[in-house]
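In what follows, a structure is listed as structure tokens, so that the remarks can point back to it.
Chains as they are written, first to last, in this note's numbering: chain A, 23 to 247; chain B, 792 to 1046; chain C, 1028 to 1294.
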């Protein structure tokens, strides 16, 4: 009897870790333990942002993940990513997949969005178009270029005559708006983009100078030779 | 000659060994027919302690040959020797019971390792041996928890579990009360009486085995000084045997 | 003259060490060869005879070590998270934490810490047990029963240690991750589903394979080296010397193998 108990304990010692590992592998393969899953395909032009395991979400709620990515060579190179997603969420067959970053350093996610008009439900084997592609890296690159250009422009504007007062006002308004947008982006993602931050700081200082000057001596500023 | 050796049950030829004055054997030769039983006896340094290790080739750096059922034991490979040892079991001095196994597991060990018996058959055989040796109460105990006599009974049961043809028993009754090991003696007698089984016993007290063995060999300084049948042993006037059996300091042997 | 004497002593000492190293190496090679040769006996071996040894060894190496492994895993998981939360920026840590735990705990610390615990607990016990059995003539008695001792003693211990280490590494990882998560909640709130998702994302099948490979290697190495040193003592007073040597050399081998595997697969 004692040996039996002993054997059972040793058996449990092997079985429990194996069960834990199996559950983990099942989850890693994209299956869900609580709900059934279906496999659908995502057609994308490049796989720069997604990889095996990339989360698939609807309205921020995790419904599955990418389990494989296969290249398709014809008619031109594109990719089909297999999304293993829960079948409990209603999705239209013409839903779209937006590949986006959660924040600057986080992994990309695939956000599935239903169209306004409801249609047939998305079924296993259907292909979803990856119609939007937002890369934070690319965006930051563009922002950096923009800021450099803006800073240069502002510096030139400081020196030029005030022939186009109206334009300056308009420009300053737009500049303020883009500065606020950039601030929002960078608040969300405190990335290691020292260069971008530096440029932004420089631009902000220039803007501050102009704004202060404008506030204190608006007429003098506008009529400055 | 070689053909005779190969055909005999056990044949030992010119077994010699020289390590020091205390560990010596000088050209020991004898044959054992199936069903015969021998007792080797003699003084502590007479060489009797080398008989069993050499026959079983537990130590094999000696001169001479040992043939068992046609197999050259000394020149057998490691694997062949393991197979030979299923039929030639060596009950060593001190018994060598496995301390982390119970009495039951110790007896079942050779059956589990060598035999093709099912678990039920092994269980039956082990229980049979446990009953025969009268060690039922200690069946689930480990060797450290049992008496010396029970250790001998367990070791003996383990040795005969596979029903070997030859049993080499080295000082089996050392530090034992003979009355406590009557079950072993009964079993040994039954074993010795079988025409297909043989036993070689090495002991300091050969008289205890006088109704078991049919041949007695006495060694002194590595040489045979007496070799005779039971009757010859009991009625001998051989001065070596007389001195040994009467515990006399006077005689041809230097003690 | 005195200087020459010192040089001579130094050279002699060096020579002795080198000879000792190579003779030890050759002896170990012989031992390995005898183990491989013993596999020929597998055809005579009935696995049931190893059952109780495997069971006992698994109980001691695996089952009895669960508590210790859990405590160590919890502490290490917590330490990693505490260090990470202090040294790394707060933003995005929820997605970064999975990578960090997989990188440090699952890939490296889990198998290594488990191997160290198994070596200290069971490796020393294996060595001492075999050495004592040898002194009690138990090993000789096995040989006299026609039992291939290399196979009968080493083989079940290798099986038991492999199985135990695999189970212990999985338990270690689970406890360390769970412990890491609970501790991380003191600094930052991450929803459990998201934590699990990041761990699953960060963990690859390659990591799983390498963890198994490491467990397999340790499961072979630990009993193999410890059994070797268990067979070495020729008298009772040598037992502690060889037990200590077994533990130290096994640990050294474990570190080398760990580094080699990481080097081969991750570099």
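The C-beta atom is built at its ideal place from N, Cα and C for all residues, glycine as well.
- Query: Three or more beta-carbon pairs under 8 Å between the segment 983 to 1001 of chain B and the segment 822 to 840 of chain B, yes or no?
  - Reply: yes
- Message: Please state the DSSP three-state secondary structure of residue 864 of chain B.
- Response: coil
- Query: Using the beta-carbon count (16 or more within 10 Å), is residue 981 of chain B buried or exposed?
  - Reply: exposed
- Starting from residue 870 of chain B, find everything on chain C with Cβ-Cβ shorter than 7 Å and list it in chain order. 1067 and 1068
- Query: In the DSSP assignment, what residue or residues form a beta bridge with residue 806 of chain B?
  - Reply: B:819
- Message: If we define contact as Cβ-Cβ less than 8 Å, is residue 1170 of chain C a contact residue for chain B?
- Response: Judged by the 8 Å Cβ criterion, residue 1170 of chain C is in contact with chain B.
- Message: At a CB distance below 7 Å, what residues from the segment 1122 to 1149 of chain C approach chain B? Give them in sequence order.
- Response: Those would be none; no residue qualifies.
- Query: Name the chain A residues whose beta carbon is nearer than 7 Å to that of residue 1086 of chain C?
  - Reply: Close to residue 1086 of chain C, with beta-carbon spacing below 7 Å, are these residues of chain A in chain order: 28 and 32.
- Message: Runs of 4 residues minimum, wholly inside the segment 871 to 929 of chain B: which ones carry the alpha helix (DSSP H) assignment?
- Response: Within the segment 871 to 929 of chain B, the complete alpha helix (DSSP H) runs of at least 4 residues are 894 to 905 and 910 to 924.
- Message: Please report the distance separating the alpha-carbon of residue 176 of chain A from that of residue 231 of chain A.
- Response: 11 Å
- Mind listing the chain A neighbours of residue 1201 of chain C? Cutoff is C-beta to C-beta under 7 Å, in chain order. Taking the beta carbon of residue 1201 of chain C as reference, the chain A residues within 7 Å of it are 42, listed in sequence order.
- C-alpha distance - residue 1242 of chain C paired with residue 42 of chain A, whole-angstrom precision: 17 Å
- Message: Any beta carbon from chain B within less than 8 Å of residue 1173 of chain C's own beta carbon?
- Response: yes
- Bridge partners of residue 133 of chain A, per DSSP? In DSSP, residue 133 of chain A forms a bridge with A:79 and A:120.
- Using a C-beta cutoff of 8 Å, does residue 251 of chain A count as contacting chain C? What is shown of chain A runs 23 to 247, which leaves residue 251 of chain A out entirely.
- Message: Counting only C-beta atoms, is residue 803 of chain B closer than 8 Å to chain C at any point?
- Response: no
- For residue 1075 of chain C, go through chain B and note every residue whose CB falls closer than 8 Å to its CB, in chain order. 903 and 910
- How close, in whole Å, do the beta carbons of residue 961 of chain B and residue 1079 of chain C come, if the pair is a contact with beta carbons under 8 Å? Actually they do not touch by this definition, with Cβ atoms about 27 Å apart.
- Below 8 Å between beta carbons is the criterion; list the residues of the segment 870 to 901 of chain B that meet it against any residue of chain C, in chain order. Of all residues in the segment 870 to 901 of chain B, only 870, 872, 873, 874, 875, 876, 877, 880, 881, 883, 885, 886, 887, 888, 889, 890, 891, 892, 896, 900 and 901 come within less than 8 Å of chain C when Cβ atoms are compared, listed by chain position.
- Message: How far does the beta strand (DSSP E) with residue 60 of chain A in it extend, from its first residue to its last?
- Response: 59 to 66
- Message: Could you tell me which whole beta strand (DSSP E) segments of length 3 or greater appear in the segment 950 to 993 of chain B?
- Response: 957 to 961 and 989 to 993
- Taking the alpha-carbon positions, what's the residue 929 of chain B to residue 883 of chain B distance? 21 Å
- Task: Rank C:1066, C:1194, C:1162 and C:1134 by C-alpha distance to the C-alpha of residue 1091 of chain C and give the top, closest one.
- Result: C:1194
- Query: Whose C-beta lies closer than 8 Å to the C-beta of residue 114 of chain A among residues of the same chain, with five residues either side of it excluded?
  - Reply: Excluding residues within five positions, the ones whose Cβ falls inside 8 Å are 136, 137, 140, 141, 142, 143 and 144.
- Item | Contact with chain C by residue 849 of chain B, beta-carbon distance below 8 Å | It does; some Cβ of chain C falls within 8 Å.
- Should residue 1160 of chain C be flagged as near chain A, meaning a C-beta pair shorter than 8 Å? no
- Message: Between the alpha carbons of residue 1106 of chain C and residue 1253 of chain C, how many angstroms are there, rounded?
- Response: Put simply, the backbone Cα of residue 1106 of chain C is about 31 Å away from that of residue 1253 of chain C.
- Task: Taking all protein chains shown into account, decide if residue 1057 of chain C is buried (16 or more other Cβ within 10 angstroms of its Cβ) or exposed.
- Result: exposed
- Query: Between which two residues does the beta strand (DSSP E) containing residue 103 of chain A stretch?
  - Reply: Taken as a continuous stretch (DSSP letters only), the beta strand (DSSP E) holding residue 103 of chain A covers 100 to 108.
- Message: Alpha carbons only, please: which of C:1196, C:1221, C:1249 and C:1258 is nearest the one belonging to residue 1239 of chain C?
- Response: Here the closest residue by C-alpha is C:1196.
- Message: Can you confirm whether residue 70 of chain A, when its beta carbon is compared against all beta carbons of chain C, has any partner nearer than 8 Å?
- Response: no
- With which residues is residue 90 of chain A paired in a DSSP beta bridge? A:104
- Task: Look up residue 827 of chain B in the DSSP assignment and say whether it is helix, strand or coil.
- Result: coil
- Cβ atoms of residue 1049 of chain C and residue 1141 of chain C: under 8 Å apart, would you say? no
- Task: Could you have a look at residue 1014 of chain B and say whether DSSP puts it in helix, strand or coil?
- Result: In the structure shown, residue 1014 of chain B sits in a strand (DSSP, three-state: E or B).
- Message: Determine whether the beta carbon atoms of residue 95 of chain A and residue 149 of chain A lie at a separation below 8 Å.
- Response: Judged by their CB atoms, residue 95 of chain A and residue 149 of chain A are not nearer to each other than the 8 Å cut-off.
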